[in-house]
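Remarks on the structure that follows.
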Ligand SMILES: Cc1ncc(COP(=O)(O)O)c(C=O)c1O
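Residue numbers (the working numbering): 381 to 768.
Structural data, given as structure tokens:
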């Protein structure tokens, strides 16, 4: 059975062009970038050009890119690093209610360290309200963090507007762009961003590598001490093959973004139209248009309790989709989604999403097979929904 992967928001297949770019840096050019000899110098050079490539994709300067191990680490670094470096200015942090756990986790930890956290509500589409933001800003506010686009429901947030408000008030603005980087244009200057989290494994690059854009002049406390790597901001021997792969993946995404986004959008619309037309009990989570070109999140009224069953039955048929975010199923349990709760779904509905996330390697044929197999699964479960 040919398997079909429709969970590209969780992770993507590494593009073979990326693998090819990485290969020489395992056993041919394997020096430590901090070494003074030729082995070190040659990888230091490739690290510099990779940093410059990634910086150029978001309109940053090379020295504003700090490599990390992941999106999770970048989010932790941004929030904790700003909080501790700016403690004398204030102790208030604002984040949206639908942030990824790797933003919410550090915020909750910071609360335990004496910081105050305000969670900005979102509307039924998952959008924050700029006026709400203005209302909750205090003189003690040191950082606002609003994700570029949500990982569960795909809604794209009004980043430039948030950026302008923060800039005018002298508050640092951070955004988690793990889902949007490489899929939609990002410009740290136009969007007034001070910090931006990105990673490689969502854009057909390797796992275990991320970066944090930190605008020059930003007061941030290094979170990992040691040999002073990464301009003294993140000590650890740099992962050169992964950095090379990250840069190659980012470069390919930019080159192919316009055509690929249009292609994914067409497939996305085909799935949304087919499912909403064919099943009266289906509904779409997230904004109808202001969403990532590759994201679809459905709820099926009356079948919320069966969301995992739906997922597992599709899996048996060779189709990989998600029930929300990959992280929400860590630890073996399946919890209510804080994102679906924040858009106003009741606790039953907030347990039952089916996320289909498209990617570079998905074809129209695969979409057709998915729609057919979904009809088979829903056909069996449908009688249960007759009361809805
Ligand atoms: C929005 C968002 N932020 C952060 C992360 C974490 O990134 P990583 O898997 O590189 O730690 C993810 C990954 O699921 C994500 O979707």
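Virtual Cβ for every residue (Gly too), placed ideally from N, Cα, C.
Exercise. Under a Cβ-count criterion, where at least 16 other Cβ atoms within 10 Å of its own Cβ denotes burial, should residue 726 be classed as buried or exposed?
Worked result: With fewer than 16 neighbouring CB atoms inside 10 Å of its own CB, residue 726 falls in the exposed class.
For this session: Rounded to whole angstroms, what's the CA-CA distance from residue 589 to residue 494? Just pull it up for me.
Result: 31 Å
For this session: Could you pull out every residue in the same chain whose Cβ sits closer than 7 Å to the Cβ of residue 388, ignoring the five residues on either side in sequence?
Result: 674, 737, 738, 739
Problem set entry | Where residue 675 falls: helix, strand or coil (DSSP) | Residue state, collapsed to three classes: strand.
Exercise. Would DSSP call residue 405 helix, strand or coil?
Worked result: helix
Exercise. With respect to 7 Å, is the separation between the Cβ of residue 509 and the closest non-hydrogen atom of ligand 1 below this value?
Worked result: no
Exercise. What distance in whole Å lies between the Cβ atoms of residue 654 and residue 758, which are believed to be in contact at a cut-off of 8 Å?
Worked result: At roughly 12 Å, the Cβ-Cβ gap does not stay under 8 Å, so residue 758 and residue 654 are not in contact.
Exercise. Whole-angstrom Cβ separation of residue 445 and residue 593, contact assumed at under 8 Å?
Worked result: 6 Å between Cβ atoms; contact.
Exercise. Just to confirm, are residue 732 and residue 687 a CB contact at a threshold of 8 Å?
Worked result: yes
Exercise. Smallest Cα separation from residue 467: which of 523, 728, 498?
Worked result: Considering only alpha carbons, the answer is 523.
For this session: Could you tell me if the beta carbon of residue 471 falls within a distance shorter than 7 Å of some heavy atom in ligand 1?
Result: no
Problem set entry | Boundaries (first-last residue) of the beta strand (DSSP E) holding residue 447 | Under the DSSP assignment, residue 447 falls in the beta strand (DSSP E) whose first and last residues are 445-448.
Exercise. DSSP on residue 728, reduced to helix/strand/coil?
Worked result: Correct three-state label for residue 728: coil.
Exercise. Taking C-alpha atoms, which residue in 657, 443, 390 lies nearest to residue 610?
Worked result: 443
Exercise. In three-state terms, what does DSSP make of residue 642?
Worked result: helix
For this session: Closer than 7 Å by C-beta to residue 711: which residues in its own chain qualify, once you throw out the five before and the five after it? Chain order, please.
Result: Note that residue 711 has pLDDT 47, beneath the 50 cutoff, so the model's placement of it is unreliable and no number is given.
Exercise. DSSP state of residue 415, grouped into three classes?
Worked result: coil
Problem set entry | Rounded separation between residue 413 and residue 396 - CA only | So the two alpha carbons sit approximately 25 Å from each other.
Exercise. Which residues share a DSSP beta bridge with residue 759?
Worked result: Residue 759 pairs with nothing; no bridge assigned.
For this session: Return helix, strand or coil for residue 590, following the three-state DSSP convention.
Result: Correct three-state label for residue 590: strand.
For this session: Please go through the same chain and pick out, in chain order, the residues whose beta-carbon is closer than 6 Å to the beta-carbon of residue 766, but skip the five residues on each side of it.
Result: For residue 766, the predicted structure reports a pLDDT of 45, less than 50, and the residue's modelled location is therefore unreliable. A value from the coordinates is still provided. Contacts found: none.
Problem set entry | Segments of 3+ residues assigned as beta strand (DSSP E) that fall wholly inside the segment 653-703 | 662-664, 675-680
Exercise. Taking 7 Å as the cut-off, does the CB of residue 558 come closer than this to any heavy atom belonging to ligand 1?
Worked result: yes
Exercise. Closest by CA to residue 640, which one among 620, 583, 551?
Worked result: 583
For this session: Can you tell me which of 502, 504, 474 puts its alpha carbon nearest to the alpha carbon of residue 490?
Result: 474
Problem set entry | Beta carbon of residue 418 nearer than 8 Å to that of residue 577 | Going by C-beta atoms, residue 418 is not nearer than 8 Å to residue 577.
Exercise. Should residue 381 be labelled buried (16 or more other beta-carbon atoms within 10 Å of its own) or exposed?
Worked result: exposed
For this session: Measuring alpha carbon to alpha carbon, tell me which of 568, 563, 409 ends up nearest residue 632.
Result: Minimum Cα-Cα distance from residue 632 among the listed residues 568, 563, 409 corresponds to 563.
Exercise. Can you check whether the CB of residue 628 is closer than 8 Å to the CB of residue 398?
Worked result: Judged by their CB atoms, residue 398 and residue 628 are nearer to each other than the 8 Å cut-off.
Exercise. Ends of the beta strand (DSSP E) at residue 482?
Worked result: Premise fails: residue 482 lies in the alpha helix (DSSP H), 481-492, not in any beta strand (DSSP E).
Exercise. Can you name, in chain order, every residue of its own chain whose Cβ lies under 8 Å from the Cβ of residue 755, other than the five neighbours on each side?
Worked result: Excluding five sequence positions before and after residue 755, the CB atoms of its chain that fall closer than 8 Å to its own CB belong to 658, given in chain order.
Exercise. How would you write the range of the alpha helix (DSSP H) that residue 510 sits in, first residue to last?
Worked result: It spans 510-516 - the alpha helix (DSSP H) in which residue 510 sits, taken as one unbroken run.
Problem set entry | Residues of its chain near residue 535, where Cβ-Cβ distance is below 7 Å and the 5 sequence neighbours each way are ignored | 505, 506, 507, 529, 666, 667, 670, 671
Exercise. My guess is that residue 455 and residue 556 are in contact by the Cβ rule of under 8 Å, so how many angstroms apart are they, rounded?
Worked result: 6 Å
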